[in-house]
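A short write-up of the structure that comes next.
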Amino acid sequence: MLSRFRLAVRIQRFEVWSSVLLVAVVGITALIVRARLDGVGAPVECLTPWIFPDVVYDAARCDPLQGAFFRISREEAGLVMTAMNALPLVVGLLLGVGLVGGEIEGGTAPTVWALAGSRRRWLAGRLIPILVILIAVLAFAAIASEMLAAARVPWQFGRPSFDDAGLHGPGVIARGLAAFGLALAVGAWSGRMLPTILLSALLALFLGIGGHLLLETWVDANAHEIAVPSWFNGEYDGGRFIGQRYHLPDGRIIDQGSDLAALAPSGVDPDAWLANNVKIVAIGVHAPDYPAWLMTEVAVFGTFGIAWLVATFAIVERRRPF
Amino acid sequence: MAPMDNTVMPQVSSTPASLRAQGLTKRYGRGRRAALDRIDLDITTGGITALVGPNGAGKSTLIRCFMGFERPTRGFVTVDGIDPARDRTRALARIGYVGQEAGLYRQLTGDEHLELAAGLRPGFDRAGAADHLDAVGVPRQVRTSELSGGQQAQIALAMALGTRAPVLLLDEPVARLDPLARRDFLTTLRDGVRKGGSTVLLASHIIGDLEGVCDELIVLAPAAVMFHGSLEAARTGHAIVPATDEVSPDDLVASFTGLTGRRVSLVRRPGTGDASLDDVVLGYLAAANASLGAA
Numbered sequence: 165m166l167s168r169f170r171l172a173v174r175i176q177r178f179e180v181w182s183s184v185l186l187v188a189v190v191g192i193t194a195l196i197v198r199a200r201l202d203g204v205g206a207p208v209e210c211l212t213p214w215i216f217p218d219v220v221y222d223a224a225r226c227d228p229l230q231g232a233f234f235r236i237s238r239e240e241a242g243l244v245m246t247a248m249n250a251l252p253l254v255v256g257l258l259l260g261v262g263l264v265g266g267e268i269e270g271g272t273a274p275t276v277w278a279l280a281g282s283r284r285r286w287l288a289g290r291l292i293p294i295l296v297i298l299i300a301v302l303a304f305a306a307i308a309s310e311m312l313a314a315a316r317v318p319w320q321f322g323r324p325s326f327d328d329a330g331l332h333g334p335g336v337i338a339r340g341l342a343a344f345g346l347a348l349a350v351g352a353w354s355g356r357m358l359p360t361i362l363l364s365a366l367l368a369l370f371l372g373i374g375g376h377l378l379l380e381t382w383v384d385a386n387a388h389e390i391a392v393p394s395w396f397n398g399e400y401d402g403g404r405f406i407g408q409r410y411h412l413p414d415g416r417i418i419d420q421g422s423d424l425a426a427l428a429p430s431g432v433d434p435d436a437w438l439a440n441n442v443k444i445v446a447i448g449v450h451a452p453d454y455p456a457w458l459m460t461e462v463a464v465f466g467t468f469g470i471a472w473l474v475a476t477f478a479i480v481e482r483r484r485p486f
Numbered sequence: 172m173a174p175m176d177n178t179v180m181p182q183v184s185s186t187p188a189s190l191r192a193q194g195l196t197k198r199y200g201r202g203r204r205a206a207l208d209r210i211d212l213d214i215t216t217g218g219i220t221a222l223v224g225p226n227g228a229g230k231s232t233l234i235r236c237f238m239g240f241e242r243p244t245r246g247f248v249t250v251d252g253i254d255p256a257r258d259r260t261r262a263l264a265r266i267g268y269v270g271q272e273a274g275l276y277r278q279l280t281g282d283e284h285l286e287l288a289a290g291l292r293p294g295f296d297r298a299g300a301a302d303h304l305d306a307v308g309v310p311r312q313v314r315t316s317e318l319s320g321g322q323q324a325q326i327a328l329a330m331a332l333g334t335r336a337p338v339l340l341l342d343e344p345v346a347r348l349d350p351l352a353r354r355d356f357l358t359t360l361r362d363g364v365r366k367g368g369s370t371v372l373l374a375s376h377i378i379g380d381l382e383g384v385c386d387e388l389i390v391l392a393p394a395a396v397m398f399h400g401s402l403e404a405a406r407t408g409h410a411i412v413p414a415t416d417e418v419s420p421d422d423l424v425a426s427f428t429g430l431t432g433r434r435v436s437l438v439r440r441p442g443t444g445d446a447s448l449d450d451v452v453l454g455y456l457a458a459a460n461a462s463l464g465a466a
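Going down the list, the sequences are from chains Y and G. Following the working numbering, the numbering of the first sequence begins with 165 at its first residue and continues without gaps. Following the working numbering, the numbering of the second sequence begins with 172 at its first residue and continues without gaps.
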């Protein structure tokens, strides 16, 4: 087993080391930026004074700390999080593209498929070590990004938050798995590296866009009435605020563009009815909804990746080795 | 030889053969010319059979059908009684293979290739394969990208021999090698096969290399088997005469321009002929061209 692991790494040496290097650079940078954020030593009451109405804001002390904290968070942590957006997709592509496609283009597939007899066994033997490496390196990226994400919102005190959603934690691994499965299947299907790289990159781009759309769709689908504190400033307490709606007396929540006058019972002054019965409420998801989103994210991308892995077995079983 | 499996093998004869093709037709895409057209072949156990023919004759296609890499359009092939189109895994378990390209990983050493083969093929004789590489002087600790084409071919052959498979399929493995490397490869193959007793099908279009190595000869013209017999029968069963000589149509194989540049005829003369192997192959290929032209 160790021998096959070592040989699998040797065969994809360039891809494996490139992935490790990429993740190390981004992950270690994330940890450094986190340390820099912590190093500012800005107390939470300096960063978000509005959630501490009882504390007097000491501008002389807090302004420089707040400025330094938010500059690092915006410029440095923002850059790392942008990289984290692409990292799992790039690593997934790097490791997946050549695993089968490279064997076919490189002319080694006939040799190893003839030796192994069972292509399923061969693919499993090639796949498992690379999959372990993929998960291990992305786990590091996931942890580093999680630590950075938490450091960017110290006023959450470690509670879940929708800030930087999709860019940290287990979702990073799931996205990497999805890109890996996709590249693997495209490589097995085309048997050529360049078309595989181009097509997989394009599909991975859609995958990245799909991730953002998934979050928006999920938030829309799960949006509910949320309490907006008096200090509301658009960054709703780690949740996601998507707008305001009318709350009707029967419990229905409707768009603000709706014709409310038509809803008033007949014979009643609509304006008076509206003033007394209809509330304007905020709609969105609470920070405590984040674990549910995380599960959805991991399930969707994980299932997507696994489906492509399964498809690759079927493709390899059927195709010619050249 | 492994016992025949009646559940997977279409029974056509009571005599088992290591490699058999019956009515084998392979067509790539609709309306295209058949790469193989109703081929019947029986290659019996043991020895090296040369599969000779020009480019496009279907040599690689035939080998790929035996390996289950190509699915016959019609007919079937069997490897030790197993139809690879139905049970590729079992068929491949009886095959060692070397392709035209050595099919090696540039970044791995010879030793690592043997390690890889041992992981993939149960019962792989890693020590025997390593001994083979040592015997032919191929350094085992050097990456294959740094080895010559001949040395790479020797590694591929060592991997095939190490399988101890009853059947070896070699798809023009010496086509890209220089004469010395070709000689070394074929000598190693002959010695290895004599020790192991495998049945070998060696595709080649370099006829001069085959004498002293092969036991049987198959001349495959585009899509059809033109000759199948022992090398001895090929030589002693045919003669070359001037094309102007009067020859019975039953004895005439074909008239063609010989290696000397003169028009000659290849005729069948069982037991008394003295044709060279080149003459026999050229004669049968000329016959194939003539029949294609007539068609």
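No residue lacks a Cβ here, since even glycine has one placed at the ideal position from N, Cα and C.
{"Check": "Contact under 8 Å by Cβ, residue 355 of chain G with residue 313 of chain G", "Outcome": "no"}
{"Check": "Residue 325 of chain G: first and last residue of the uninterrupted beta strand (DSSP E) it sits in", "Outcome": "No beta strand (DSSP E) contains residue 325 of chain G, which is instead part of the alpha helix (DSSP H) from 320 to 333."}
{"Check": "Minimum C-alpha distance to residue 453 of chain G - residue among G/438, G/439 and G/429", "Outcome": "G/429"}
{"Check": "Chain G contact for residue 467 of chain Y (CB, 8 Å cutoff)", "Outcome": "no"}
{"Check": "Own chain partners of residue 336 of chain Y with C-beta closer than 8 Å, once the 5 adjacent residues on each side are dropped", "Outcome": "248, 251, 252, 302, 305, 306 and 309"}
{"Check": "Entirely enclosed alpha helix (DSSP H) segments - the stretch 387 to 445 of chain Y, minimum 4 residues", "Outcome": "434 to 441"}
{"Check": "Span of the beta strand (DSSP E), counted from its first residue to its last, around residue 413 of chain G", "Outcome": "409 to 413"}
{"Check": "Residue 272 of chain Y: contacting residues in chain G (beta-carbon distance under 8 Å)", "Outcome": "274, 275 and 276"}
{"Check": "Residues near residue 192 of chain G by beta carbon distance below 6 Å, same chain, minus five either side", "Outcome": "210, 212 and 248"}
{"Check": "For residue 198 of chain G: DSSP bridge partner residues", "Outcome": "G/205"}
{"Check": "Length of the line joining the Cα atoms of residue 439 of chain Y and residue 388 of chain Y", "Outcome": "22 Å"}
{"Check": "As assigned by DSSP and simplified to three states, the class of residue 247 of chain G", "Outcome": "strand"}
{"Check": "Chain G within 8 Å of residue 294 of chain Y, Cβ atoms only", "Outcome": "no"}
{"Check": "Span separating the alpha-carbon of residue 183 of chain G from that of residue 294 of chain G", "Outcome": "Confidence at residue 183 of chain G is low in this model, with a pLDDT of 39, below 50, so its placement is unreliable and the value that follows should be read with caution. Straight-line Cα distance between these residues: approximately 31 Å."}
{"Check": "Residue 166 of chain Y burial status per 10 Å Cβ neighbour count (16 or more: buried)", "Outcome": "exposed"}
{"Check": "Beta-carbon separation (whole angstroms), residue 436 of chain G vs residue 451 of chain G, contact threshold 8 Å", "Outcome": "Going by Cβ atoms, the distance from residue 436 of chain G to residue 451 of chain G rounds to 12 Å, so no, they are not a contact pair."}
{"Check": "Option nearest residue 406 of chain Y by Cα separation, candidates Y/420, Y/414 and Y/416", "Outcome": "Y/420"}
{"Check": "Minimum Cβ-Cβ distance from residue 268 of chain G to chain Y less than 8 Å", "Outcome": "yes"}
{"Check": "Pair within 8 Å by beta-carbon distance, residue 229 of chain Y and residue 199 of chain Y", "Outcome": "no"}
{"Check": "Near-chain Y residues of the stretch 280 to 294 of chain G - C-beta to any C-beta below 7 Å", "Outcome": "283, 286, 287, 288, 290, 291 and 292"}
{"Check": "Environment of residue 254 of chain G [buried if 16+ CB atoms lie within 10 Å]", "Outcome": "buried"}
{"Check": "Local Cβ density within 10 Å of residue 469 of chain Y, reported as buried at 16 or more and exposed below that", "Outcome": "buried"}
{"Check": "Where residue 264 of chain G sits in the DSSP three-state scheme", "Outcome": "coil"}
{"Check": "Coarse secondary structure for residue 338 of chain G, derived from DSSP in three states", "Outcome": "strand"}
{"Check": "Neighbouring residues, chain C, relative to residue 175 of chain Y (Cβ below 8 Å)", "Outcome": "No chain C is present in this structure, whose protein chains are Y and G."}
{"Check": "Coarse secondary structure for residue 416 of chain G, derived from DSSP in three states", "Outcome": "coil"}
{"Check": "N- and C-terminal bounds of the alpha helix (DSSP H) containing residue 275 of chain G", "Outcome": "Premise fails: residue 275 of chain G is in no alpha helix (DSSP H) and is neither H nor E."}
{"Check": "For residue 229 of chain G, the nearest candidate out of G/409, G/217 and G/204 (CA to CA)", "Outcome": "G/204"}
{"Check": "For residue 465 of chain Y, the nearest candidate out of Y/238, Y/378 and Y/244 (CA to CA)", "Outcome": "Y/378"}
{"Check": "Neighbour list for residue 382 of chain G in chain Y, Cβ cutoff strictly below 8 Å", "Outcome": "Those do not exist, as residue 382 of chain G stays about 28 Å from chain Y at its closest Cβ, beyond 8 Å."}
{"Check": "Assigned secondary structure, residue 306 of chain Y (DSSP; H/G/I helix, E/B strand, else coil)", "Outcome": "helix"}
{"Check": "Where residue 390 of chain Y falls, given that 16 or more other Cβ within 10 Å makes a residue buried", "Outcome": "buried"}
{"Check": "Distance between residue 304 of chain G and residue 342 of chain G (C-alpha atoms, nearest Å)", "Outcome": "20 Å"}
{"Check": "Cα-Cα separation between residue 398 of chain G and residue 458 of chain G, rounded to whole angstroms", "Outcome": "11 Å"}
{"Check": "Rounded separation between residue 221 of chain G and residue 383 of chain G - CA only", "Outcome": "11 Å"}
{"Check": "Residue 450 of chain Y in three-state terms, based on DSSP", "Outcome": "coil"}
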